[in-house]
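Asks:
2 protein chains.
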Amino acid sequence: MSADQATMFAAIDRVAELAHAAAPMWRRSSSDVRAALLNGLAAALEANAAALVDLGDSETGLGAARLNGELARTAFQLRGFASEVKAGVPYRTVDDPAVAGAPPAGRPHLTRVLVPLGPVAMFSASNFPFAFSVLGGDTASALAAGCPVIVKAHSGHGALSRKVFEIAAKVVEQQNLPAGILTFVENTSREANAYLVQHRSVGAVAFTGSYQGGVALWRAANNRPRPVPFYGELGSINPLVVLPEALSNGEIEPAQTLAASIALGCGQFCTSPGIICVFDDDAGDRFVAELAKALGKQTPHRMLTEGIRRAYEDGVERLADHASTKSLVAQPSNGSGPSPRLFEAHADAFTGNTSLHEEVFGPAAVVVRVRSIEQVIDVLEAVEGSLTVTLWGAGADTPGNRALAYAAEQAGGRVLFGGVPTGVAVTHAQHHGGPWPASTSPQTTSVGYAAIERFLRPVAMQDAPAWVIAVRDGSVQS
Amino acid sequence: MSADQATMFAAIDRVAELAHAAAPMWRRSSSDVRAALLNGLAAALEANAAALVDLGDSETGLGAARLNGELARTAFQLRGFASEVKAGVPYRTVDDPAVAGAPPAGRPHLTRVLVPLGPVAMFSASNFPFAFSVLGGDTASALAAGCPVIVKAHSGHGALSRKVFEIAAKVVEQQNLPAGILTFVENTSREANAYLVQHRSVGAVAFTGSYQGGVALWRAANNRPRPVPFYGELGSINPLVVLPEALSNGEIEPAQTLAASIALGCGQFCTSPGIICVFDDDAGDRFVAELAKALGKQTPHRMLTEGIRRAYEDGVERLADHASTKSLVAQPSNGSGPSPRLFEAHADAFTGNTSLHEEVFGPAAVVVRVRSIEQVIDVLEAVEGSLTVTLWGAGADTPGNRALAYAAEQAGGRVLFGGVPTGVAVTHAQHHGGPWPASTSPQTTSVGYAAIERFLRPVAMQDAPAWVIAVRDGSVQS
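Which chain is which? The protein sequence lines are A and B, in order.
Sequence positions in the first sequence follow the numbering used here and run -1 to 476.
Sequence positions in the second sequence follow the numbering used here and run -1 to 476.
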């Protein structure tokens, strides 16, 4: 092991020990204490908004408007999870009184409680420097569940991450809570990341990022002597289907809406539409032409990191070189951002060519020309699981639309019947997940209030004395 | 590939295709249709009880009383899941109306629905020829969720499994349902089992069995191009703690109760107590002596298979040969069953010796002598995750008992404050799972009505037309 590696491992041991030490107190904390921390973190973010957005913009180039919106969302969801805690969600019990007599009807008294999984290793994403980072949804939901959080910062916004962490650590201190509730590591190697995932004190892992990096850590979690739950969001191609009905009022407006979504944030969204199914007819031709025109006019800002830019250029080159694709938009880049790209392929060629199905992270998409709803369904079945599937023009209750809606729910975690998939509301009904590789754990969500469930494990208490249940919500001094 | 292997793979392809073809109909089935099948299966089991119990006893040696009870439990839980379906559990939605305005407060209309995972490969257990087999809890909960089930029979009761399947298939046919809803494979090799787990048509796997076999299939599921959820129950040591308070009324009765639990069903229960923590004092000495006496008098019936018997003999030999253990019960076997065994070790020696922590499936247990509650906690932290932890004499609200209850909920999926862990009630509050290796998916349960959640995945429908939600519960013709 190199000296650097040893230093990193020692830093991880240190924060893991702090988190481990804080875990018993935090799991027993009352709803008032937990909600006060979450609300305090939201207020501290807002109080420092101007400086944080400046710093974040200088590191990521995402722009003040976007970063202000993202900071507001991050504060909103911290407060949202505080409300969940106050409503008693992580303390919820299911109680079955004893029934006299022989089994199967006779039974003991059982109370099902929820137990926090312990310290959560949280791997920040590159593309949301607030909402999927130090104080993002994974941190908020894990803290709400009663789990300490070990933040692994993303190097794409390292200074911002450190600053947000310092602000957060001050709130923890001001509220007289142990520092181990929220800890921080940065500039870790791949080996150190795996070391963190395999640390004995870590009870669960949350990850948002690349397929390759995510799979490596998922395997590390599964190779522990005692594997722990791993929640990874690894990639998504987000098919969007333009049915002929969607173009009955013209092609220009829908094409402009879609082009803006493809280029939004320089395409650096997990929910960025990457495959556009368009019918092979005159209206479809006009739509594709308008889409190409509108996308060609987009001037995306620079990408988050040099590595992401290189991966984007490699990805579009792969698509451009493919025998089955035609390039529709390919201008030289105008300035710091990459050139948006649009490709076209016929469904017959697309469906069997898995190399065309891979996510290209950035402002690029593939138009797949189809002749029937059956061909759309073939495309949805061929591609891997996605966070979203969008159906434009599927409003009417027809057999074709029923079949399409069915195929869409098989392929994704969220099905939109209008609008664009970029933008994910923080609500109870939200589901941000989906079949592999959209999520390594497709029954869970990383956005919305159900995210809290990822960090809790049921335990059935059998014939427990009353105090065992009473001490659990922190309302009784323990 | 051998000819045998090719035949097995072809048989698996056949049932997987049938299940795949039946999946769309079954996921859209109404609560009436689904509940009628579950209730029909329960009634058919009961109508054939005498013949099935005879056949099962001849194969397993578990005895008519036990098998009649198990059949009754199996019918009870089929009917229980029918009630869950009628109550609408698998059709449940969460609806968040649209809110006007900009995000984060503004949002589209979102309806979270539950989508069945598709065909479930269900690996039957050796030790519950009814309740964890063809029509057991995994099958009942998967069918209730809307998933077809591919049963992989256990060779320990192959004839019974085939007979139960034939009875069930007749019910499926009589109710005019496609045969693919419930299919059956038997006498499969390890390679064929992995082939089934990796089959493209399989959407989830349920497994109850050995650590080695379970881990192999779990890895196979994770090595699919697109991994799917795997629910495995792989083993459990089930610590039972005898606090001094539990012996204040004498040692004989508790010792007899415990000895009967250790030897129940020849110790072939996932919840059989394998580690008994007893204080190192006079009452503890008397209890251990009574336990040894009572266990020595037990005459367990024969084990389920020759392989299980060999593994038991190997396991007890390993314990007997260990330098840190003392053998307390070791009579020659009297007849067809194995000899019950009891060993003793001191906590200091036990905690650090992981070879003493391994489950020995059968009527054996290790008494661990402790000097303090802290040492009990050390033992609970040292052993792997368990389905159950039992605390005798922890009724009073003391700091020691709080610490013990906390350690117990960390180590297990069910914590008992009295009684013995063998016997698992089918209720809403039940949790039959626990940290690895008790479960590969510790947030889920394989017994009780929450088991249905394993086979459903949330999908958020955004701005969906009303028919999209309405057709989902089968009440609208689709």
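Idealized CB from N, CA, C, for every residue including glycine.
Since the model is a prediction, treat every value here as computed from it, not as a measurement.
Could you work out which residue in B/S322, B/S331 and B/L108 is closest to B/P463 when comparing CA atoms only?
Replies: The candidate whose alpha carbon is nearest that of B/P463 is B/L108.
Asks: Mind the definition here: the segment 279 to 289 of chain B touches the segment 376 to 396 of chain B only if three or more C-beta pairs lie below 8 Å; say whether that holds.
Replies: They do not touch, by the three-pair rule.
Asks: Check each residue of the segment 82 to 98 of chain A: if its Cβ is closer than 7 Å to any Cβ of chain B, include it; give the result in chain order.
Replies: Residues passing the 7 Å Cβ filter: V92, D93 and D94.
Asks: Spell out whether any CB of chain B is found under 8 Å from the CB atom of A/Y229.
Replies: Taking Cβ atoms only, chain B never reaches closer than 8 Å to A/Y229, which makes this a no.
Asks: Report the partner residues of A/V147 according to the DSSP bridge assignment.
Replies: According to DSSP, which records beta bridges pairwise, A/V147 is partnered with A/V118 and A/L180.
Asks: Determine whether the Cβ of B/F415 lies closer than 8 Å to any Cβ atom of chain A.
Replies: Yes, contact with chain A.
Asks: Taking all protein chains shown into account, do 16 or more other C-beta atoms lie within 10 angstroms of the C-beta of A/R12, making it buried, or fewer, making it exposed?
Replies: That one is exposed.
Asks: Between A/P127 and A/Q266, what straight-line distance do the alpha-carbon atoms span, to the nearest angstrom?
Replies: Rounded to the nearest angstrom, the two C-alpha atoms are 12 Å apart.
Asks: Quick one: residues in its chain with C-beta nearer than 6 Å to the C-beta of A/V239, no 5 flanking neighbours on either side, listed in chain order?
Replies: Excluding positions up to five away in sequence, the list reads C275, V374 and L389.
Asks: From B/I173 to B/L35, what does the alpha carbon distance come to, in whole angstroms?
Replies: Residue identity check: residue 173 of chain B is Gln in the sequence provided, not Ile. Going from the Cα of B/Q173 to the Cα of B/L35 covers about 7 Å.
Asks: Could you give the first and the last residue of the continuous alpha helix (DSSP H) run that contains B/L194?
Replies: Residues R188 to V195.
Asks: Are B/F277 and B/T206 close, meaning C-beta to C-beta below 8 Å?
Replies: In this structure, B/T206 does not lie closer than 8 Å to B/F277 by Cβ.
Asks: Kindly indicate which three-state DSSP category A/H344 falls into: helix, strand or coil?
Replies: Strand at A/H344.
Asks: Anyone know if the C-beta pair for B/V365 and B/L414 falls short of 8 Å?
Replies: Cβ atoms of B/V365 and B/L414: not closer than 8 Å.
Asks: At least one CB of chain A closer than 8 Å to the CB of B/H429: is that the case?
Replies: By this cut-off, B/H429 is an interface position.
Asks: Check whether the Cβ atoms of A/P440 and A/G432 lie closer than 8 Å to each other.
Replies: Result yes, Cβ atoms of A/P440 and A/G432 sit closer than 8 Å.
Asks: Please tell me whether B/H426 has its Cβ less than 8 Å away from any Cβ of chain A.
Replies: Yes, because at least one Cβ of chain A sits closer than 8 Å to the Cβ of B/H426.
Asks: Taking 8 Å as the limit between beta carbons, can you name the residues of its chain near A/R77, skipping five residues before and five after?
Replies: Cβ neighbours of A/R77 beyond the five flanking positions: L36, N37 and A40.
Asks: Determine the DSSP secondary structure at B/S131, reduced to helix, strand or coil.
Replies: Note: B/S131 maps to coil in three-state DSSP.
Asks: With DSSP collapsed to three states, give me the class of A/S153.
Replies: In the structure shown, A/S153 sits in a helix (DSSP, three-state: H, G or I).
Asks: Report yes if the C-beta distance between B/G144 and B/R307 is below 8 Å; otherwise report no.
Replies: No, Cβ-Cβ distance for B/G144 and B/R307 is not below 8 Å.
Asks: Between the segment 55 to 72 of chain B and the segment 293 to 313 of chain B, do three or more beta carbon pairs fall short of 8 Å?
Replies: Enough Cβ pairs lie closer than 8 Å, so yes.
Asks: For A/M23, report the span of its alpha helix (DSSP H) as first-last.
Replies: Its alpha helix (DSSP H) spans residues A1 to R25.
Asks: According to DSSP, which residues form a beta bridge with A/Q460?
Replies: Note: A/Q460 sits in a beta bridge opposite A/L108 and B/L414.
Asks: For A/G383, which residues in chain B fall below 8 Å Cβ to Cβ?
Replies: Correct list: R224.
Asks: How about A/V364: is its Cβ closer than 7 Å to a heavy atom in the ligand ZN?
Replies: The model on display carries no ligand, and the ligand ZN is accordingly not part of it.
Asks: Reducing DSSP to helix, strand and coil, say where A/P237 ends up.
Replies: It is a strand residue.
Asks: Please list the terminal residues of the continuous beta strand (DSSP E) segment that includes A/V358.
Replies: Run containing A/V358: none; DSSP gives neither H nor E here.
Asks: Look up B/G313 in the DSSP assignment and say whether it is helix, strand or coil.
Replies: The answer is helix: DSSP assigns B/G313 an H, G or I state.
Asks: Of all the CB atoms in chain A, is at least one closer than 8 Å to the CB of B/F79?
Replies: Answer no: the Cβ-Cβ gap between B/F79 and chain A never drops below 8 Å.
Asks: Less than 8 Å between CB atoms is the rule here; does B/L108 satisfy it with respect to chain A?
Replies: B/L108 counts as touching chain A.
Asks: Count the other CB atoms within 10 Å of the CB of B/G201; is the residue buried (16 or more) or exposed (fewer)?
Replies: Buried, by the Cβ-count rule.
Asks: Could you round the C-beta distance between A/R90 and A/L112 to whole angstroms and report it? I think they count as a contact, below 8 Å.
Replies: Going by Cβ atoms, the distance from A/R90 to A/L112 rounds to 6 Å, so yes, they are a contact pair.
Asks: Can you name the start and end residues of the alpha helix (DSSP H) that A/W216 belongs to?
Replies: Per DSSP, A/W216 belongs to the alpha helix (DSSP H) from Y209 to N220.
Asks: Going by CA-CA distance only, name the one from B/R217, B/R110 and B/Q75 that's closest to A/A103.
Replies: Among B/R217, B/R110 and B/Q75, the Cα nearest to that of A/A103 is on B/Q75.
Asks: Can you have a look at B/E342 and say buried or exposed, based on whether 16 or more other CB atoms are within 10 angstroms of its CB?
Replies: So B/E342 counts as buried.
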